[in-house]
Structure formats: C-alpha cells, structure tokens
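Line order of the protein sequences matches chains A and B. Each position in the first sequence, counted from 1, maps to that position plus 24 in our numbering. Each position in the second sequence, counted from 1, maps to that position plus 100 in our numbering. Before any comments, here is the structure.
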Amino acid sequence: MLLQQFFAAFGRYLQLMGKVFSIPERWRMFFRQYIKEMAQLGVDSIGIVLLISFFIGAVICIQIKLNIQSAWMPAFVTGYTTREIMLLEFSSSIMCLILSGKVGSNIASEIGTMRVTQQIDALEIMGVNSASFLILPKVLGLITMIPFLVVFSIAFGLIGAYATTYMGVITVEDLTSGLLYDFNQWYVWMSIIKSLCFAFIISSVSSFYGYTVEGGSFDVGKASTNAVVRSSMLILFADIFLTQLLS
Amino acid sequence: MIEIKHLYKSFEDKDVLIDINAVFEDGKTNLIIGQSGSGKTVLMKNIVGLFVPTSGQILYDGRDFIGMTKREQVLIRREMGMIFQSAALFDSMSVLENVMFPLEMFSDDCQTDRIRRAKFCLERVNLKGAENKLPGEISGGMQKRVAIARAIALNPKYLFCDEPNSGLDPKTSLVIDELIHDITQEYKMTTIINTHDMNSVMGIGENILYIYKGQKEWQGSKDQIMTSTNERLNSFIFASDLFRKVKEANQ
Chain A
25 MLLQQFFAAF GRYLQLMGKV FSIPERWRMF FRQYIKEMAQ LGVDSIGIVL LISFFIGAVI
85 CIQIKLNIQS AWMPAFVTGY TTREIMLLEF SSSIMCLILS GKVGSNIASE IGTMRVTQQI
145 DALEIMGVNS ASFLILPKVL GLITMIPFLV VFSIAFGLIG AYATTYMGVI TVEDLTSGLL
205 YDFNQWYVWM SIIKSLCFAF IISSVSSFYG YTVEGGSFDV GKASTNAVVR SSMLILFADI
265 FLTQLLS
Chain B
101 MIEIKHLYKS FEDKDVLIDI NAVFEDGKTN LIIGQSGSGK TVLMKNIVGL FVPTSGQILY
161 DGRDFIGMTK REQVLIRREM GMIFQSAALF DSMSVLENVM FPLEMFSDDC QTDRIRRAKF
221 CLERVNLKGA ENKLPGEISG GMQKRVAIAR AIALNPKYLF CDEPNSGLDP KTSLVIDELI
281 HDITQEYKMT TIINTHDMNS VMGIGENILY IYKGQKEWQG SKDQIMTSTN ERLNSFIFAS
341 DLFRKVKEAN Q
C-alpha cells in the first residue's frame, strides 16, 4: 500500500516536471520571475547561511582541538579536519538541509496558497502553463544561486575557525597550516555538484507539494511540512549516492 | 455563443452532471443558478476546461472544446476572462500589475500601450487611483472590480463569473452586477455567471439555467421566472419572504 502510494506520488511528480520543463511562453516574463526568485530564494538566504556557517566553523574547530588534538597528533590536524568537514559535508549537504527548511517551506506555502486561493486556476484559464510559469523560475533560480551559497558557506566556516584563534583555542599558524595541508581542489567542485542536485530536490519537491494541495489553509500547512520532511529525506538519500559517485 | 450538448460528469461512481444541454448567447448575461451542491460550479469548471467532462460536447462558436488539442485549448482560453469567487488576484502584484498580467503574457503591444490599456480597464471599472495598491490593501468589492478589469484586459469573447457577489454587501453587489451587464453588452461577450444571489437573477438574468441535482431543470429569462409553474424552481427562487411577496404583487 505504501509502495503504491509512493509510486503514485512519484508518477504525479514526473508528470508535473514534464509540464514544468517546457519553453516559457514569454521570455520577458520568465526572466522577470527568474530574477525575482534568485533574490527571494538565494540572496535572502545569504544571511542565515553566513551566520550558521560562521558559528559551525568555529564550533568544529573548537571541538576538534579539544577532543582530537593531542601531543601525539601533528599541529595541522585541527585546521585540516575543519576544512574537510566544511568542504565535504557541511557547506553542501547540511547547509542544503537547513535551506530545505527555509526555502522549501517558503516555496510550498507560496504555491499552495496560490492553489487554494484559485490564483493557479486563474493562470490556467488565461491559457498560461501555470506549472512552468511558477515552478521553472524557482528551480532554475535556486540552482543558479546555490553554488554562491556553498562558496560563501565554506568561506565563512573558515572565517569562523579563524575567529577561535582570538579565543586562544588554536594559533593562526597551526590553523593556516592545517587549512592548506593536502588541499584537493576537487572537493570544492564536489561540494558544488552535490549542492546543485540538492537545490533541484528542494525546489522541485517543495513545488510539487505546494502545487498539488487540495483544501484550505490547514492543508497548505501540511503540504509545507511534507515538503520539508520529504526533501530533507531525499537530500540525505541522494547524499549517500553522490558521495560514493563523486569520491 | 457557447453550446453544451449532452454533458455528463462523474467523480468515481457519483454522477454530478447528467445530460446537460444549454445554449448561452452572446451579448447576454447568462446565469447558472441552483442550490449548493447542485453542480453549477462543476458545470462552469467543465465549460472553462478546469475539469474534463465524462462525455458530451462544449462548443465555443461551433468549435468543439473537448475534442481540441491542448494547444488549441490554450488558444481558446486566451479568448476567455474569468472572475473568481475569491477574485483570485495575484497577491504579490499591485492592482495595475494584476490588470497588466494578461497583456504582458499575450499582447505584442509596447509597454506604454500595455500600461495605457490596463489604466483604461481600471477606469472602466471605476478604480482610478488604486493602481499602486496591493490586493490586500483594498476592499472585497474593489478586488472584484480589479478582477473584472483583469478579465476584460484582452477583450475576451467569453466572460465567466463564479459567484461574483459572494461576500459583498447588497449595494456593492448591485454595482458589480451592473458592471458585468454593461461590459457584456459593450463588448458583445458571451457571459456566464454562476450565482446564488436572487437580486442578480432578478436584475440581470437575461438567460437563466436552473440546475437541480446535476440536471437541467429549467431555462428561461427573469420575466419567465415570475410566471413559471416549475415547483422546484419556485421553491428555490421564492424561498425568501421578500421574493414571495414580489411574485404575489406581480400576480
């Protein structure tokens, strides 16, 4: 029964994506929406990404220094481990999990409200492909902005780690030597590639839950929760495969 | 002109519309009336293509809407305007942007002409000066007028109104009814209005279709209602004391 429900929902999701990925009726309107979504989903998320990355970078650095660093370990371990955690997992996967909460609920509730207040019906009656008009700019907008968010997250995580040097946790020299030790540029690309996939999952899954709402405001709330839960689950599943594939 | 021939609509095992036949003429305000749950909203959603009928034909000036390809349906939809019960204005856009939306999507006019046309439509519904307000900042009656302005922006051939007076006071309802009636005649549109409002029926009902439990029960004009002997129609129309007294006075 659960499996049947899953495949039914997956089929509806694929049908919706089929409608979404069509050539926009008016490029002018599409670009206007696209820029608006980049600002709403990407630029408006910069603050929370920077804040969380800064503090997590600092905390990782402190934890590694206190719990792993010892007289038997080389001095670069703290910086090296902090960099690897930020690059490999935090700035792509964990940050996208956080964004699925912020951006996913935003997308699902916005489209869901449009559905229950008949704004989507109004678009359809005008002869507009509502799925493409509403969802495509969100998907492409988030995919465009996510590499910037990943890079900002990595940078602010490392700045957070440097902030701990003021607290005397670690010296600047030790941290810098660790951050530069055995640096593999591919990890940055890996992080960006993973985040592009997660951005697609967040935007498309949340749009699906919003677009298929039936009922009233209570159902919009439920759809919003479902969007966050399901997109988070899918990000975690996808993370396993992508990590294996790209490592 | 819109013709409906042998229209059936079922949801799973429940028949909601049964063998509906009707003609809605242009230049007239055509009303669909009936009790809650009688199927009038389902009928309208079938006509505009939001639902697909189980069987039957819907002809827009002789063009079979159901038998068309999706692309052809989209082209017909550009000849339609619709006013929803909740107005369905786009929350994030100003009043002017809402009216300009269909023009931005489908008109090849330059920006200046689009703005001019949108302002003209707003003036036509007596909403000059509200251009920069958001839908949340204006009253329900004004929202309905913006919805009318948006619906007529592209000079539609067919206008659909789903309970345009719901939630409005009697005076504002009258203004909306008169506006829809005037616009219908001015642009020679085929207008179909879904309503419960007996004031609308008596005021602008040039062609009235009464639906009872998913079936066409009666069709005629507001003048014919006064002399109708259909019991179901009479018990619906003259349910209130006021209209019963009006009928008695007429007799």
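For every residue, glycine included, the Cβ atom is placed at its ideal position computed from N, Cα and C.
Pairing isoleucine 118(B) with isoleucine 104(B) gives a Cβ-Cβ distance that is not under 8 Å. The Cβ of alanine 146(A) sits closer than 8 Å to at least one Cβ of chain B. Contacts with chain B (Cβ-Cβ distance below 7 Å) from the stretch 230 to 264 of chain A involve no residue at all. Under DSSP, valine 123(B) forms a beta bridge with Glu103(B).
In this structure, lysine 140(B) places its C-beta atom within 8 Å of the C-beta atom of isoleucine 311(B). DSSP lists no bridge partner for glutamine 87(A).
The continuous stretches of alpha helix (DSSP H) do not include leucine 268(B), and DSSP gives it neither H nor E. With distances taken between CA atoms, glycine 165(A) lies nearest to Glu61(A) out of Met25(A), Glu61(A), Phe34(A), Val44(A).
Straight through space, the alpha carbons of isoleucine 159(A) and leucine 203(B) are spaced by roughly 21 Å.
Non-local beta-carbon contacts of threonine 188(A) in its own chain, meaning distances under 7 Å to residues more than five positions away in sequence, involve Ala82, Cys85, Ile86, Ile194 in chain order. At a cut-off of 3 residues, the continuous stretches assigned as beta strand (DSSP E) that sit fully inside the stretch 230 to 291 of chain B are 258 to 262.
At least one beta carbon of chain A lies nearer than 8 Å to the beta carbon of proline 202(B).
Bounds of the beta strand (DSSP E) holding glutamine 157(B) are 155 to 160. Alanine 349(B) and methionine 326(B) have their alpha carbons spaced roughly 10 Å apart. Burial of tryptophan 318(B) is indicated by the presence of at least 16 other C-beta atoms within 10 angstroms of its C-beta.
Residues of the stretch 47 to 63 of chain A with a Cβ closer than 9 Å to any Cβ of chain B, in chain order: Glu49, Arg50, Arg52, Met53, Arg56, Lys60. For a Cβ distance threshold of 8 Å, residue set Ala188, Leu189, Phe190, Asp191 of chain B lies close to glutamine 143(A), ordered along the chain. Leaving aside the five residues that flank valine 152(A) on each side, the residues in its chain whose CB is nearer than 7 Å to its CB run, in chain order, Glu49.
The way I'd put it, the stretch 203 to 217 of chain A doesn't touch the stretch 134 to 145 of chain A; fewer than three beta-carbon pairs between them come closer than 8 Å. Within 10 angstroms of the beta-carbon of phenylalanine 184(B) lie 16 or more other beta-carbons, which makes it buried.
Taking a contact as a CB-CB distance under 8 Å, the pair valine 174(A) and methionine 119(A) counts as one, their CB atoms being some 7 Å apart. Phenylalanine 151(B) is positioned such that its CB atom lies closer than 8 Å to that of lysine 109(B).
A check of alpha carbon separations from valine 127(A) across Gly240(A), Gly136(A), Leu65(A), Val44(A) identifies Leu65(A) as the nearest. Annotation for isoleucine 170(A): the continuous alpha helix (DSSP H) segment containing it runs 154 to 187. Judged by DSSP in its simplified three-state form, arginine 52(A) adopts helix.
Taking the beta carbon of valine 152(A) as reference, the chain B residues within 7 Å of it are Met205, listed in sequence order. Burial is judged here by how many other beta carbons sit within 10 angstroms of a residue's own beta carbon; serine 177(A) has at least 16 and is buried. The bridge partners DSSP lists for glycine 320(B) are Ile308(B).
Apart from sequence neighbours up to five positions away, the residues of its chain that approach isoleucine 304(B) with a beta-carbon distance below 6 Å are Thr129, Asp277, His281, ordered along the chain. Between aspartate 198(A) and phenylalanine 100(A), the CB-CB gap stays under 8 Å.
Annotation for asparagine 208(A): no beta strand (DSSP E) segment contains it, and DSSP assigns it neither H nor E.
Rounded to the nearest angstrom, the Cβ distance from valine 148(B) to methionine 180(B) is 6 Å, consistent with a contact under 8 Å. Among the residues of chain A, those whose CB is under 8 Å from the CB of phenylalanine 184(B) are Gln142, Asp145, Ala146, following chain order. The CB of leucine 150(B) comes closer than 9 Å to the CB of Asp145, Glu148, Ile149 in chain A, given here in chain order. Selection Tyr258(B), Ala187(B), Ser340(B) evaluated against leucine 268(B) yields Ala187(B) as nearest (Cα-Cα). The Cβ of valine 174(B) sits closer than 8 Å to at least one Cβ of chain A.
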